[in-house]
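S.K.: Chains as they are written, first to last, in the working numbering: chain Y, 1 to 142; chain S, 143 to 284.
Dropping the structure in here first, questions after.
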DNA sequence: TATTGTTATACTCTATAACTATA
DNA sequence: TATAGTTATAGAGTATAACAATA
C-alpha cells in the first residue's frame, strides 16, 4: 500500500490529541479487561473512592457525561456489588454514592493497574516529557 | 455544588488527552457547522485533496476507521458533489477518490477555517508550547 | 421556579460477519 | 488464497424531552 501524505492533519492539534487518546484508551481497555471495567466505569469508581458521597450530578460535571447516561452506569456497578446508593444527608432529592468493601478493594487494585498501564502507554516519554505533556493538555481544556 | 477531588484522574495521561480532545473537537464541530462537515468528513476531504486517487483502504489506515464505515461517509460526500470515484489505474478492485472542483474550493476554505479554529483552541498556548505538545502527542501514538 | 434523579427514546459512532469482484 | 469495496447488522456511546420528588 502506497504512503499517504497526512502532513496537514498532523499539523492539527485536534487530530493529534484524538489519535493519542485513541491509542491510550485502546491500551487501557485491553489491560483493564481483567477487571471488566470500561474507562468510564473506572473513572466513576475512582471518583467515588476519592469523594465518598458524591452525587450523580457531580459525576456528570467531573466527567462531562449526561445525567440519563449515568443511571445505567451506576446501576450496573451497584448490581455488581461495587457501590451503594445512600440518601444524601442534607438534600432529599440527591443520592450519595459510596464504595462497598468489595468496591474499595477492586478500585484500589484497578487504580494500581491503571498506573501500570499509564507507564506502558508513556513508555516513549521520559518523566519530564510526561509532566510537560500533562501540563500542556490541561492548559487546553481547563 | 461542592468541589470534587479529581486529582487521581488528572494525573492520568489518557484522562487528560481525552478531555483535551473533547474540548478541541467540540470547538471544531461548532466552527465547522458552516461547511456542514464533521471532523471525519473534514479529514477525508483533506486527505483526498493532498492525495488525489487515494483509496478507501488508505483512508481507513490513515484515520483508524473501518472499511464498512467509510462507505456511507464517501457516498454522502459524493452525493453532495464534493468528490468523485474513479476506477483505479492499476487495480481493478480499487476505486480512487478525487475532489470535484466544488470539493476543491470547499476543502480549501474548510482547511483555512480549521487553521483559524486551531489558533482559537490553542489560544492558551504560545508557539513553542504548541509545537512541544504536538511532538509529545505524536511520540505517544506513532 | 429550579434542581436531582429517572425513563424513554433517538441518533451517532464503531464493530463484526459475510458477500462480490478482482488480484 | 488474499485483498478492495460493499451490505447488513449489532453494539457502544451520546443526545433530547418529559416526568416525579424535593428544594
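Every residue, glycine too, gets a C-beta built ideally from N, C-alpha and C.
Please tell me whether residue 158(S) has its Cβ less than 8 Å away from any Cβ of chain Y.
M.R.: yes
S.K.: Quick check on residue 174(S) - is its C-beta less than 8 Å from some C-beta in chain Y?
M.R.: no
S.K.: State the Cα-Cα distance for the pair residue 17(Y) and residue 129(Y), rounded to the nearest angstrom.
M.R.: 16 Å
S.K.: Below 8 Å on the Cβ atoms is my contact criterion, and I expect residue 240(S) with residue 190(S) to pass it. Report the Cβ-Cβ distance as a whole number of Å.
M.R.: About 7 Å separates the two Cβ atoms, so the contact holds.
S.K.: Taking the straight line between their C-alpha atoms, what separation do you get for residue 216(S) and residue 194(S)?
M.R.: 14 Å
S.K.: Which whole-angstrom value is the C-beta distance of residue 155(S) and residue 122(Y), which I expect to be below 8 Å?
M.R.: Between residue 122(Y) and residue 155(S) the Cβ distance is about 6 Å, and since that is below 8 Å, they are a contact.
S.K.: Who are the near neighbours of residue 100(Y) in its chain, counting only those whose CB is closer than 7 Å to its CB and skipping five residues on each side?
M.R.: 81, 82, 83 and 84
S.K.: Which ranges does the beta strand (DSSP E) cover as unbroken runs of at least 3 residues, wholly within the region 154 to 185 of chain S, from first to last along the chain?
M.R.: none
S.K.: Let me check one thing: in DSSP terms, what residues is residue 92(Y) bridge-paired to?
M.R.: According to DSSP, which records beta bridges pairwise, residue 92(Y) is partnered with nothing at all.
S.K.: By the three-class DSSP mapping on this structure, what secondary structure does residue 7(Y) have?
M.R.: helix
S.K.: Across which residues does DSSP place residue 139(Y) in a beta bridge pair?
M.R.: DSSP, once it has assigned bridges, lists no residue as partnering residue 139(Y).
S.K.: Quick one, are the C-beta atoms of residue 25(Y) and residue 278(S) less than 8 Å apart?
M.R.: Cβ atoms of residue 25(Y) and residue 278(S): not closer than 8 Å.
S.K.: Which bits of chain S does residue 61(Y) rub up against, with CB to CB less than 8 Å?
M.R.: 143 and 146
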